[in-house]
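Residue numbers (my numbering), protein chains in the order written: chain A, 0 to 341; chain B, 0 to 341; chain C, 0 to 341; chain D, 0 to 341.
We put the beta carbon where it would ideally sit given N, CA and C, even for glycine.
Here the structure is a predicted model, which is why all the values come from computation and not from measurement.
As structure tokens, the structure follows; a few thoughts come after it.
4 protein chains.
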Amino acid sequence: MVKVGIVGGTGYTGVELLRLLAGHPQVGVSVITSRSEAGRPVADLFPNLRGHFDIAYSAPDAKTLAACDLVFFATPNGTAMKLVPGLLDAGVKVIDLAADFRLREVTVWEKWYAMQHACPDLLEEAVYGLPEVNREAITKARLVANPGCYPTAATLGFLPLIESGVIDIDNLIADCKSGVSGAGRGASAPMLMGEVGESFKAYAVPGHRHLPEIRQNLSECAGEPVGLTFVPHLLPMIRGIHATLYAQLNEEADLQALFEQRYAAEPFVDVLPPGSHPETRSVRGVNQCRIAVHRPQGWDGVVVLSVIDNLVKGAAGQAVQNMNLMMGLEETAGLGAVALLP
Amino acid sequence: MVKVGIVGGTGYTGVELLRLLAGHPQVGVSVITSRSEAGRPVADLFPNLRGHFDIAYSAPDAKTLAACDLVFFATPNGTAMKLVPGLLDAGVKVIDLAADFRLREVTVWEKWYAMQHACPDLLEEAVYGLPEVNREAITKARLVANPGCYPTAATLGFLPLIESGVIDIDNLIADCKSGVSGAGRGASAPMLMGEVGESFKAYAVPGHRHLPEIRQNLSECAGEPVGLTFVPHLLPMIRGIHATLYAQLNEEADLQALFEQRYAAEPFVDVLPPGSHPETRSVRGVNQCRIAVHRPQGWDGVVVLSVIDNLVKGAAGQAVQNMNLMMGLEETAGLGAVALLP
Amino acid sequence: MVKVGIVGGTGYTGVELLRLLAGHPQVGVSVITSRSEAGRPVADLFPNLRGHFDIAYSAPDAKTLAACDLVFFATPNGTAMKLVPGLLDAGVKVIDLAADFRLREVTVWEKWYAMQHACPDLLEEAVYGLPEVNREAITKARLVANPGCYPTAATLGFLPLIESGVIDIDNLIADCKSGVSGAGRGASAPMLMGEVGESFKAYAVPGHRHLPEIRQNLSECAGEPVGLTFVPHLLPMIRGIHATLYAQLNEEADLQALFEQRYAAEPFVDVLPPGSHPETRSVRGVNQCRIAVHRPQGWDGVVVLSVIDNLVKGAAGQAVQNMNLMMGLEETAGLGAVALLP
Amino acid sequence: MVKVGIVGGTGYTGVELLRLLAGHPQVGVSVITSRSEAGRPVADLFPNLRGHFDIAYSAPDAKTLAACDLVFFATPNGTAMKLVPGLLDAGVKVIDLAADFRLREVTVWEKWYAMQHACPDLLEEAVYGLPEVNREAITKARLVANPGCYPTAATLGFLPLIESGVIDIDNLIADCKSGVSGAGRGASAPMLMGEVGESFKAYAVPGHRHLPEIRQNLSECAGEPVGLTFVPHLLPMIRGIHATLYAQLNEEADLQALFEQRYAAEPFVDVLPPGSHPETRSVRGVNQCRIAVHRPQGWDGVVVLSVIDNLVKGAAGQAVQNMNLMMGLEETAGLGAVALLP
């Protein structure tokens, strides 16, 4: 059994990690930390875990964490970078579900996250945990930066187009919509149901932290900087991200074949038949990205529709997928459930 | 492997059966019928099943069904009763998720369902599939009537109180609330999101078909007829039933202990600690009933809060639980998932 | 023009008061206070008010408030009681939308609200602002305690039954359901959409602050103490309360006629035809209570269904109705809108 | 008093027309037709209208309609075109809320609506009822084609940019999201709450009927054909449209000033301050379009956010605005309400 620890397990990615790990045949959760909830059983905070976990939150303790094979950080941005060097030194592998190790350039990171990075030297070593791009590197990594939710949906949707060189990369548009769980479980007036229920809006149009992350992904893929506009929106529902992606074609191509071939061997990317419109509910609770590609009439462009569950393929599920790769387990272990529909 | 068939698999209980059976280690679905969708892959109608089921709907065929070990009916009321006698004769076990075999008295059944019963002689043989009451009989049954969703939540909530004789059974009140998936997947103007979203109402106050079913359950438990008022309401959400149950106490009793002892050995009934308020989301997607019992101040009464997922413990999950019992499998096989929260 | 002030206008009852007063032909809002938002235009905080109000929040100032004809308190419990004596001395009429003056007995108030009352002597003078009961007294009042949302729905539903003496008052049950706006606009983790969306639960079963208020109302009506169980529930929607009320009949009566006669002259109580099931959306945004009365089959009981918009007839709309009475205006002035459906 | 008739008043645009006209001081509804509901009081079908309308549906009758000053058609596409010629001959003015007269070119109309047009000669006379573009012509019109919901939101958002010539019109993108009420009140499985609640998807990406309408509007504005990609999406909520519009700039311009000046005199278009993100709830129930314009960092492009209530400024409210213009009333009469928030 792989012994894992979770640092900061009181948020939505924390409970989702526990839900997924409860069904994993080769993994045991040996510690889950929370300063504020130390001593409280996890099943008391999250009643869906009753009968599945007897464990209680404990205050973070370096020694206990160092006894794990792998530690997940499900903490706010800026926390993992303080503890990761010590854990790596102790021979523990780490997956950070926050943003501390996602950006290559420390100056870019410090600008967008408005703090000083505690271990910039690790930015180079950290592997960006998108298995569809970096599978080999993840397998060998000590430290994996688990991708953001928007970046996962947008990157997987643009990838085949950029890799194949069929689109103009100077003017990419990612119009993305997310359920409210993406904003976390912290007390907040703007995220009250009375504020966000039965309404819809864009936010952070001047610049969202996932913009440099998506841009980095697409630019690495293109081998040169891309031009990208990213507009996130808030959906009046709990789980799910839908990315609607726009680009102009440079040349004719069989786009459906392009996508199907690119993802033929991927267990967690599903290219839908021509003419499809993926629904976010079709991936609710599961580690899947479903994608459809369209060429709307009368335009030399392409529209890609890409959906994930922001808490699964966009967070905890992708983290489990990365853990499987890092620990030499079957990549799909513990990730075989069917989405909850309706 | 147990070979099962599903008759009428295009509704919500059908897709939910498929979702649960996809994760069952000892069961294979060999046929699923639908007249209207014959030839269409199930994963085409329900995209969450993509990658999990290659099977397509077929027109109902007696011979194919007779080759199954067990057949589920996920059909409208009045369909199963026409086909069940033939299947039983062929040695096939049957679980009806509709209401054809739920009521003992044919005259009561025919009044509430407004049709003539096709095989009233089987009403006596049929076992009411609530394992917490009829486990032994289910184990030996050829034909199981899977309980209704409201009756499951209400019966499990009242059971310990009636069995122990501590309440007045002449004046029981079940104020129940259900998500919209209870109304099924058929085209309907009153169930449009534009009609039932962001609103709440009671319905069928003069009399709902689950009233005689709950009354039958509680009367059998009490050994005499009970007086019951049942008011169902429609919630602006998809899954979940919450039963709020009221009764007056005849005598003092340790109600918490009463409930805990009654359900101590039950794998799918969870009695919460004193003072709890179960949320429907805590059982979303899983075969659980969570119950809390209260004695509000200043009254000689008791309030029981009982929640289930109407499609799981209230339908398809309970059917799988019954199948496990009927086929000699582990009762909990395929039913170990954690509820989806948030 | 009547000059009104609003103390504490940053919550949902505050913005709802502004919305309703914007359409009132004889009233002008001359001041609206908020310590935290002083200087900020109200239309900046609440964009629906853009183009309707140029006013900005100001810090509370006794002199400015004393220049008003009437002041509404839309503050947390315990605030109004500190300022009301001064305003009354200055000749200003007051309507408190919080709970400071709702309960007659100071000991009961202090027990439920867990603080000392600042002006217990005013509890006797304060008129409980339910016009269907206290219209005459409201007309002459200096100080009106605007009723709570649950108490309004429950009291109006029970009233005809108690006044006419046809029910047993020892065992009344009020199973009530509210939209989330009832919990206010303060930052709160439990009220996040991620927590309360797509789920349903009871809360405060051991005792909610509206219990003594409803009990007081019904006991005053009965002329003796009533026995009442009150269970509130939280609906995954924004606006609306549905009270489902249960009682046992002492004698036969034409209940439909009873209700129709009781409310024949009431502009804001609508008794629906026999067999109806009122929807909360039918009163969304308007100062109406819609009621249906049922005698479910096979029981000597009565079920009353009563719906209001918790922010209108349950708060700001009733406050405007009270203001109209107190200021000698037409009772229905500014309250003539049609509910928003769908 | 202006006498108006409504043909086909059982859908959401019908009830919304009635809601708005109930508050209009100079208009009376003298007839509302429905074949299926003839004889039924409108307040029986739509309980929000109780106490506001005593009128019942009647079967359509040419003579009764001809006695009106103006007739609204709130019918499915293809109905109005059969009755309009007769009404115009009788001297009745007409506003069609459906699509029969929205497109100039009969061949385009017949392609997208898949039927033969009954009176193509009237396509030229019909005035497209977007007052912000055609106010003068509407004032003199006998026949007004009320714009579609998506076209209203998208056109008002692009208008200042195209009129001023600052953007490249060959590559416009309109990523639009609508609440479910846009799909109407007809029985439909795909629009059940169980299907569309808690989920999000694009639809009709290959081509939606509002595409040629938006293209026509923008091309007329530009004086030449524009290149447009339009992707509609379905939101899990009832009311509201959010258009997110993308274009590339040809030249530098003060976009905020451009929008403010263009709409300075418009009573129903509200340009928000720089940096704003309009919410659909800010226009719920009211005849407003709220717009924000952004220049996201690092791109020579512009993003416009435009919100309306699809049933008001996107349908019935705009129809009342057009009626006011056609009948010589104050343009804002009956349209002064404040949006319902929360």
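Item	Value
Answer with yes or no whether the minimum CB distance from A346(D) to chain B is below 8 Å.	Past the edges of chain D, shown from 0 to 341, lies residue 346(D), and the structure says nothing about it.
Counting contacts by CB-CB distance shorter than 8 Å, is F229(B) in contact with chain A?	no
Which one of G239(C), G156(C), D53(C) and A332(C) has the shortest CA to CA distance from N309(C)?	G239(C)
Looking only at its own chain, which residues have a Cβ that is under 6 Å from the Cβ of M236(D), when we skip the five neighbours before and after it?	G178
Cβ closer than 7 Å: which chain B residues qualify as neighbours of E197(D)?	I237
Cβ closer than 8 Å: which chain B residues qualify as neighbours of H241(A)?	In chain order: nothing, as chain B lies at least about 14 Å away.
Compare the C-alpha of V60(C) against each of F45(C), G77(C), L82(C) and R39(C) and name the closest.	In the sequence on display, residue 60(C) carries Asp and not Val. Nearest option by C-alpha distance: L82(C).
Does the contact criterion of 3 or more C-beta pairs under 8 Å hold for the segment 7-19 of chain A versus the segment 37-49 of chain A?	yes
What first and last residue would you give for the beta strand (DSSP E) that runs through D53(B)?	Counting along the chain, D53(B) falls outside any beta strand (DSSP E), and DSSP gives it neither H nor E.
Exposed or buried, what is S35(C) when buried is set at 16 or more other beta-carbons lying within 10 Å of its beta-carbon?	exposed
So, for L324(D): in the same chain, excluding its five sequence neighbours on each side, which residues have a beta-carbon less than 7 Å away from its beta-carbon?	P130, R134, I137, T138 and E330
For the segment 272-302 of chain B, enumerate the residues whose C-beta is nearer than 7 Å to any C-beta of chain C, in chain order.	G274, H276, P277, E278, T279, R280, H293, P295, Q296, W298, G300 and V302
Unbroken alpha helix (DSSP H) runs of length 4 or more, entirely within the segment 234-297 of chain B: which are they?	254-261
Within 8 Å (strictly less), CB to CB, does H207(D) reach chain C?	no
Are R103(A) and Q25(A) touching if we call contact CB-CB under 8 Å?	no
Roughly how many angstroms lie between the CA atoms of A79(A) and A89(A), to the nearest whole one?	15 Å
Please go through the same chain and pick out, in chain order, the residues whose beta-carbon is closer than 6 Å to the beta-carbon of V230(A), but skip the five residues on each side of it.	D174, A201 and V204
Does any CB atom of chain A fall closer than 8 Å to the CB of P159(D)?	no
Would you call the segment 141-148 of chain D and the segment 97-113 of chain D in contact, with 3 or more CB pairs under 8 Å?	yes
DSSP has T32(B) in a bridge; who is on the other side?	V6(B) and S57(B)
Identify which residue in D269(B), P295(B) and P341(B) has its Cα closest to the Cα of I307(B).	D269(B)
Three or more C-beta pairs closer than 8 Å, one from the segment 145-160 of chain D and one from the segment 257-267 of chain D: is that the case here?	yes
Buried or exposed: G222(B), going by 16 or more other Cβ atoms within 10 Å of its Cβ?	exposed
Would you mind telling me which residues of chain C sit closer than 8 Å to Y11(D), beta carbon to beta carbon, in chain order?	P341
Which same chain residues, not among the five before or five after L86(B), have their C-beta less than 7 Å away from its C-beta?	L64, A65, V70 and V93
Tell me where the beta strand (DSSP E) around I94(D) begins and ends.	K92 to D95
Pick from H293(C), Q317(C) and R280(C): whose alpha carbon is nearest that of T243(C)?	H293(C)
Name the chain B residues that come within less than 7 Å of L193(D), Cβ to Cβ?	Checking the sequence, you will find Gly at residue 193(D) rather than Leu. Per Cβ cutoff of 7 Å: Y11, V179, S180, R184 and I237.
Step through the CB atoms of chain A and report whether any lies within less than 8 Å of the CB of H51(B).	yes
Alpha carbons only, please: which of L304(A), H232(A) and M326(A) is nearest the one belonging to K2(A)?	M326(A)
If contact means a Cβ-Cβ distance below 7 Å, which residues of the segment 33-64 of chain D contact chain C?	F45, P46, N47, L48, R49, G50 and H51
Please compile the residues from chain A whose C-beta is within a distance smaller than 8 Å of the C-beta of M190(C).	L191, M192 and G193
Identify the contact partners of G226(D) in chain A, using a Cβ-Cβ distance below 7 Å as the criterion.	W298
For G50(B) and L304(A), what's the separation of their Cα atoms in angstroms?	19 Å
So, helix, strand or coil for G27(B), using DSSP?	strand
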